[in-house]
Amino acid sequence: MVQSQAQVETQNASRYLVQLCKHFAHKISVEYDTRKGRAEFPFGLCMMEAEDDRLILRCEGADEAALDRVQDVLQRHLEGFAFRENPTIEWKR
104 MVQSQAQVET
114 QNASRYLVQL
124 CKHFAHKISV
134 EYDTRKGRAE
144 FPFGLCMMEA
154 EDDRLILRCE
164 GADEAALDRV
174 QDVLQRHLEG
184 FAFRENPTIE
194 WKR
């Protein structure tokens with residue numbers, strides 16, 4: 104199991120967490136409220152946490168390729184939802 108984390112500075116963390124989870128819930132198992140979310144992809148998992156000034160993403164996959172896929176899905180969708188902010192998403196493993 105490999106893991107990574109990203110912290111995205113934003114005043115809209117809760118909003119983006121809910122948007123991401125609602126979107127993913129159309130296809131995968133998701134649990135969320137306004138502060139925490141969990142998305143279970145076939146290839147990995149992402150735990151999300153909204154703080155007042157940041158969104159924290161914790162992802163894991165069975166191997167590097169699976170983790171890369173989880174990160175890519177989260178990054179593309181968050182960049183789409185937060186396009187006005189043009190967020191910086193730096194993953195740390």
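First residue of the sequence shown? That's 104 in my numbering, and the numbers climb one at a time after it.
Virtual Cβ for every residue (Gly too), placed ideally from N, Cα, C.
- Around the beta carbon of residue 104, fewer than 16 other beta carbons lie within 10 angstroms, which makes this residue exposed.
- The shortest CA-to-CA distance from residue 114 to any of 195, 188, 143 is the one to 188.
- Under DSSP, residue 176 forms no beta bridge with any residue.
- Put simply, of 120, 128, 108, 106 the residue whose alpha carbon is nearest the alpha carbon of residue 183 is 120.
- Of 132, 130, 116, the smallest CA-CA separation from residue 139 is found for 116.
- Within the segment 123–186, the complete alpha helix (DSSP H) segments at least 4 residues long are 167–184, listed from N- to C-terminus.
- Of the residues 160, 146, 130, the one whose Cα lies closest to the Cα of residue 181 is 160.
- For residue 132, the number of other beta carbons within 10 angstroms of its own is below 16, and it is reported as exposed.
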